[in-house]
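The numbers in UniProt numbering rise by one with no breaks, and the one at position 48 of the sequence shown is 48.
Beta carbons: idealized from backbone N, C-alpha and C, even for Gly.
See below for the structure under consideration.
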Amino acid sequence: MGSRKRESALARKIANQDVAKALHNDCPSSPRKMRLVADIIRGVEVDKALSILKYSKKDASNKLEKVLLSAMANWQSKNEGADIEEANLIVKEIMVDSARQLKRLRPAPQGRGHRIRKRSNHITLILGTKDNK
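As structure tokens, then:
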């Protein structure tokens, strides 16, 4: 690797030091239902977001809680000496994108068949500090 690439890679690594990312692909839930919960925790502090997700009645909150915990673990592995409580982490970005659909047929009257679309989604969660919002 050349010196220019090495320097730019080092600069990128330093810039992304306080940012952590977690992905969950092909989550078997409708993106519309998942976005309802994701909109609640966008821009919220990590501790408050965890408590919101823990006590929410929606099924999507369980899956989002796991992704949030994964992002926190990723941040902690990047910053081994730092403490999560003192870092003032927030949910910087959360995106819920549509994934593949499983298409099924449900029997209907008079020999017809209605198509059932079982939707799934991709979740991308990015944590950052309050200063870096």
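About 6 angstroms separates the beta carbons of Leu-64 and Leu-53, which is inside the 8 angstroms limit, making them a contact pair. Under the three-state reduction of DSSP, Val-67 is assigned to helix.
Taking all protein chains shown into account, Ala-15 has fewer than 16 neighbouring C-beta atoms within 10 Å of its C-beta and is therefore exposed. When Ser-98, Arg-112, Gly-113 and Arg-115 are compared, the shortest CA-CA separation from His-122 is found for Ser-98. The C-beta separation of Val-67 from His-24 comes to about 5 angstroms, placing the pair in contact by the 8 angstroms criterion.
Between the segment 6-15 and the segment 35-43, the count of C-beta pairs closer than 8 angstroms stays below three; the two stretches do not touch.
In the three-state reduction of the DSSP assignment, Pro-28 falls in the coil class, being assigned neither a helical nor a strand state.
Minimum Cα-Cα distance from Leu-69 among the listed residues Ala-20, Lys-103, Leu-105 and Ser-120 corresponds to Ala-20. In its chain, beyond the 5 residues on either side, Gln-101 and Lys-103 have a beta carbon closer than 7 angstroms to the beta carbon of Arg-117.
Annotation for Arg-42: Val-91 and Ile-94 place their beta carbon closer than 7 angstroms to its own, counting only its chain and skipping 5 residues before and after.
Collapsing the DSSP output to three states places Asp-97 in a strand.
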